[in-house]
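Only one structure is covered here, and it is reproduced in the block below.
2 protein chains.
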Amino acid sequence: MTLKNDLIIRAALGEKVERTPVWLMRQAGRILPEYRAIRSKMGGFIELVKSPEFACEVSIQPVDILGVDAAIIFSDILVIPEAMGLSYKMVESKGPWFEKTIHNLSDIEALGIASEENYSYVLDAIKLTKKELNNRVPLIGFAGAPWTIFAYMVEGSGSKTFSQAKKFLYTQPELSHRLLQKITDSTINYLRSQINTGTDMIQLFDSWAGILSSAQYTEFALAYISKICDALKKSHPNTPITVFAKGAFFALKEMSDLNCDTIGLDWNMSIKHSRVDVGNNKTLQGNMDPCLLYSDNATIKKETEKMLFEFGPNRYIANLGHGLYPDIEKEKVIYFVETIKNYKHS
Amino acid sequence: MTLKNDLIIRAALGEKVERTPVWLMRQAGRILPEYRAIRSKMGGFIELVKSPEFACEVSIQPVDILGVDAAIIFSDILVIPEAMGLSYKMVESKGPWFEKTIHNLSDIEALGIASEENYSYVLDAIKLTKKELNNRVPLIGFAGAPWTIFAYMVEGSGSKTFSQAKKFLYTQPELSHRLLQKITDSTINYLRSQINTGTDMIQLFDSWAGILSSAQYTEFALAYISKICDALKKSHPNTPITVFAKGAFFALKEMSDLNCDTIGLDWNMSIKHSRVDVGNNKTLQGNMDPCLLYSDNATIKKETEKMLFEFGPNRYIANLGHGLYPDIEKEKVIYFVETIKNYKHS
């Protein structure tokens, strides 16, 4: 039962680590030829997410191939809307698309609160992955943060502005809170199930944090992230929680009060200022620009070591400031991971 | 020759004003039924940009209909790539699309430096608009900032990540500088021509500022914005310049050194912190979330007055933090403008 490599867990909890641990957002996916090879033989993205055998195999690939210090379960943040009753399609080169979106109270009342029977395939994938990982490294579970899930459920697809989702916040604040609470209840169930099934730590992704104003982010996003953290810490006090709110530089100070262990940073956020805002009682994660990995090795090494030096030896998990982009070469990713694993703080 | 309403010019130059002046990004366009009525009878977007009569008519509409304190010439930031030799199409509901993009040195060498004969239709539109405006309010000219233009020329279309444009910065820094310098030279010509033809002030739009890291923004974006400001101030010292770098919260302090008069803010940027970063020697412009204008009048009034109070009576031009979204109702925009014009600082 004991993890052979628990560096990430210890870094999240603020314990001393022998070296900086590393994992990468979107490490399980299209950057790996090994992933593309399996995927080309199979169906669409959502079918893959629903296949525990496939999800297990591709979740473990980056541990074997890239040498990262954690696996993350191959899944999608839109499992939750679907589990609540809003199904979606993945349109090639366009992203997710919902046939039905949320407009009014009856749409919200028609949604269920997600529970095990609605997302059992994810739990099956976690079980299988934990078994196959054989405790080599921790398994990270995740969910979208309520605002980001809300944004898709109202907008119906990705968007540069999410103006329809924001319109709903402005015109229907009470209904917005009602929907966010339902998403929050579903997410708490979902993440508790993930932890009960074996995930060793949890990350909340607030991908569209950066399009809200500071005041709206506090009211419609952070309030619900806070409820999720509190609920998980009550039921599972030892499971580290990471909150990554992309673009929410303006909220870092407030986020220091969250009942979580790690705050993710994107590459726009200054390491120095973020540490001041977040304080010393939380671990930071991030924050390299994924596009650095298009560079030559010398540039990758130089910039990565600069980042490692700035974050310092403890209370830090190395990662990118966004997910890996699909056309980044595997060899560059391996070089980035090795640079981190070989770095010694002097 | 004297402007009847020069509030915006005086606010930009830091002079005392009787009330806060206001204009709105994308005020000339789809939010006005009067615009849509003319447009539906005509061709595509690019043809409209190239029609001085159309551009004149729709540039003046918001002055008459919305009561704003300035007109902005109806045009497009992609006039410059086209004037340099890279033409584009506007694909309905997808945005701009370039058939040819920039990959290497010979692509860059094939580009021209834009000069009057390449963008004479914009100058014709400015001439006509100045005449029709009859000095009621100032006419604003504009261009995209070099990094944003570069991003389209390399990526070939809009993008959530602009990963190909950023890849070019990482892998071809010298070629990137060469291309940015050519765009800069073209933009200086273009803006000087605009001022010579009659525009009363200038705005640079760096729409994709927010996807660069702070270090890249300094090297590949601000350096060229700075060259443009210096060149314009040398030739036209009395024409106010506004720089709006959307998402570049991390660069505000550095931007205080630009040879410009006004810094635009988006709605993520805190008014208080921005004023500290920018200092007291520049005017601020912005920064309401355009989605506020989906709200009821009471909410619009409350939030707008809060913004006006926070910015204070001088060194401020009211605006949104982004362009108007096409489905915002004209009546709401008028109410926003009137709220600003009626506000009295106590």
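Chains A and B are the protein sequences, given in the same order.
Just so we're aligned, residue 687 is where the first sequence starts under my numbering, counting upward by one.
Just so we're aligned, residue 687 is where the second sequence starts under my numbering, counting upward by one.
Virtual Cβ for every residue (Gly too), placed ideally from N, Cα, C.
Across the set B/Pro782, B/Ile788, B/Lys816, B/Tyr1021, the C-alpha of B/Pro782 shows the shortest separation from the C-alpha of B/Ser843. Between the beta-carbon of A/Leu970 and that of A/Phe930 there is about 11 Å, and that puts the pair past the 8 Å contact cut. Between B/Asp975 and chain A, the shortest Cβ-Cβ separation is below 7 Å. DSSP places B/Val929 within a strand segment (E or B) once states are collapsed to three. Any Cβ of chain B closer than 7 Å to the Cβ of A/Tyr838 would place that residue at the interface, and such an atom is absent.
Using a Cβ-Cβ cut-off of 8 Å, A/Lys852 is close to Asp975, Cys977, Tyr980 of chain B, given in chain order.
Using a Cβ-Cβ cut-off of 7 Å, A/Thr857 counts as an interface residue toward chain B, since at least one Cβ of chain B sits closer than that to its own. Cβ-Cβ distances below 6 Å link A/Thr948 to Ala698, Thr928, Thr969, Gln971 in the same chain, with the five nearest sequence neighbours on each side left out; the list follows chain order. Comparing alpha carbon positions, the residue from A/Met941, A/Pro707, A/Leu693, A/Ile695 closest to A/Asn1005 is A/Pro707. Here A/Pro1012 is exposed. Its C-beta has fewer than 16 other C-beta atoms within 10 Å. The alpha-carbon separation between B/Phe848 and B/Gly933 amounts to approximately 14 Å. Scanning chain A for C-beta atoms nearer than 8 Å to the C-beta of B/Ser899 yields Trp953, Asn954, Asp975, reported in chain order. Secondary-structure assignment with DSSP links B/Pro782 through a beta bridge to B/Met776. Among the residues facing chain A, B/Ser862 is not included, as its CB has no counterpart in that chain under 7 Å away. Neighbours of A/Gly896 in chain B, taken as residues at a C-beta separation under 9 Å, are given in chain order as Gly896, Gly933, Asn954. In this structure, the CA atom of A/Ala909 is about 21 Å from the CA atom of A/Ile788. Contact between the region 1021-1031 of chain A and the region 881-895 of chain B is absent: fewer than three C-beta pairs spanning the two stretches fall below 8 Å.
When B/Ala723, B/Leu938, B/Thr885 are compared, the shortest CA-CA separation from B/Leu918 is found for B/Thr885.
In the structure shown, A/Tyr1011 adopts coil according to DSSP, grouped into three states. Under the 7 Å criterion on CB atoms, B/Phe936 is classed as interfacial with respect to chain A.
Beta-bridge pairing by DSSP links B/Ile888 to B/Gly827, B/Ile927. When DSSP reads this structure, B/Thr1025 sits in no beta bridge, so it has no partner. The Cβ neighbour count for A/Glu989, taken over all protein chains shown within 10 Å, is at least 16; the residue is labelled buried. Residue contact with chain B for A/Tyr774: absent (no Cβ-Cβ distance below 7 Å to any residue of chain B). Only those residues of the region 824-848 of chain A whose C-beta falls short of 7 Å from the nearest C-beta of chain B are listed: Thr847.
Taking a Cβ-Cβ threshold of 8 Å, the residues of chain A close to B/Thr985 are Tyr856, in chain order. The beta-carbon separation of B/Ile799 and B/Ser912, rounded to 19 Å, does not stay under the 8 Å limit for a contact. For the pair A/Lys987 and A/Thr1025, the CB atoms are nearer than the 7 Å cut-off. Interface with chain B (7 Å Cβ-Cβ cutoff): A/Tyr1011 is included. With fewer than 16 other CB atoms across the displayed protein chains lying within 10 angstroms of its CB, A/Ala984 is exposed. Residues Leu855 of the same chain have their beta carbon placed closer than 7 Å to that of B/Gln902, with the five preceding and five following residues left out of the count. Taking 7 Å as the cut-off, the beta carbon of A/Leu1010 is found no closer than this to the beta carbon of A/Leu752. Only buried fits B/Asp755, as 16 or more other CB atoms lie within 10 angstroms of its CB. Per DSSP, A/Thr688 is not a residue of any alpha helix (DSSP H), being assigned neither H nor E. Rounded to the nearest whole angstrom, the C-alpha separation of B/Leu866 and B/Phe836 is 7 Å.
Taking C-beta separations shorter than 7 Å and ignoring five residues to either side along the sequence, the partners of A/Ile869 in its chain run Ile766, Pro832, Ile835, Phe836, following chain order.
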